[in-house]
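Numbering (our numbering), first residue to last: 70 to 221. Okay, structure first, notes after.
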């Protein structure tokens, strides 16, 4: 008797493939979530460091003192002289909901002098809900911002 050739998949083969897909998904999803959260943390740090550098450059370009003030652990503002009514509000909580920051600047203020220098030393620590941190260090007198990333 001649055996008939099978052209399809058996139920066992189908279940093995589904099981493999489930295992791979269970491994990949947490890693992807971790990647996106750490990427958001680094983006927030780059944005804050960029804003600080813009303020420094504007202070030099306009020959005026510029101030960045930290309002709380999610927001900061800076004014654009000579019109102190022009304020840019950056709300980290809105743009990056799982990120908060703390800082060590005296009076929660960074002041750039007209030559782009700063008198106070301080750090800003950004943290996401996974525990990863980015440390921004502002070093006087030149106001250079050093960014250090520490994964969870």
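Using N, Cα and C, we set each Cβ at its ideal position, and we do this for glycine too. It should be emphasised that the depicted structure is a prediction, and the values quoted were computed from it without experimental measurement.
Taking a cut-off of 8 angstroms on C-beta distances, the segment 89-107 does not touch the segment 120-133, as fewer than three cross pairs fall below it. When the Cα atoms are used, residue 76 and residue 88 turn out to be separated by approximately 22 angstroms. Take residue 169, set aside five residues on each side of it, and the residues of its chain with a beta-carbon closer than 7 angstroms to its own are 142, 143 and 196, in chain order. Counted as a single uninterrupted DSSP element, the alpha helix (DSSP H) harbouring residue 115 occupies residues 80-131. The DSSP-derived three-state label of residue 208 is strand. By the Cβ-count criterion, residue 115 is exposed, with fewer than 16 other Cβ atoms from all chains shown falling within 10 Å of its own Cβ. Assigned with DSSP and collapsed to three states, residue 171 falls in strand. Residue pairing by DSSP places residue 215 opposite 206 in a beta bridge. Taking all protein chains shown into account, residue 172 has 16 or more neighbouring C-beta atoms within 10 Å of its C-beta and is therefore buried. The straight-line gap separating the alpha-carbon atoms of residue 218 and residue 91 is approximately 33 angstroms.
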